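Q: The structure under discussion is supplied below as structure tokens; questions concerning it will follow.
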Amino acid sequence: MKPKKFSPFYIKLIAGVILLMFAGYMYYSNENNQYAAFIGMGGILILNAYSMGNKKK
């Protein structure tokens, strides 16, 4: 079975990284105190993607 180009694993990984980058930007710009929620969501997405990737192997 060939791996798909855009598998849910990569989508979740990329979304998690984008959320973490956005959270970092919010943290340094001091515009909003909700960056902790974005860090949490990004971390959960990345962990979820890694657990999915490990199950397939």
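Residue numbers (the numbering used here): 1488 to 1544.
No residue lacks a Cβ here, since even glycine has one placed at the ideal position from N, Cα and C.
All figures in this text were calculated on a predicted structure; none of them were measured in a lab.
(1) How long is the line joining the alpha carbons of N1535 and K1499, rounded to whole angstroms?
(2) Just reading off the alpha helix (DSSP H) that S1516 is part of, what are its end residues?
(3) What residues in its chain sit with their C-beta under 7 Å from that of K1544, if we drop five residues either side in the sequence?
(4) Report all residues from its chain with a CB closer than 6 Å to the CB of I1526; omit the five preceding and five following residues, and keep chain order.
A: In brief:
(1) Here residue 1535 is taken as the residue at index 48 of the sequence shown, counted from 1. Here residue 1499 is taken as the residue at index 12 of the sequence shown, counted from 1. Answer to the nearest angstrom: the Cα atoms are 8 Å apart.
(2) Numbered from its first residue, the sequence shown carries residue 1516 at position 29. Per DSSP, S1516 belongs to the alpha helix (DSSP H) from 1495-1516.
(3) Within the sequence shown, the letter at position 57 stands for residue 1544. For K1544, the predicted model reports a pLDDT of 49, less than 50, meaning its position is unreliable; a value from the coordinates is still stated below. So the list is empty, once near-sequence residues are dropped.
(4) As a working note, residue 1526 is residue 39 in the sequence shown. Here the set comprises A1510.
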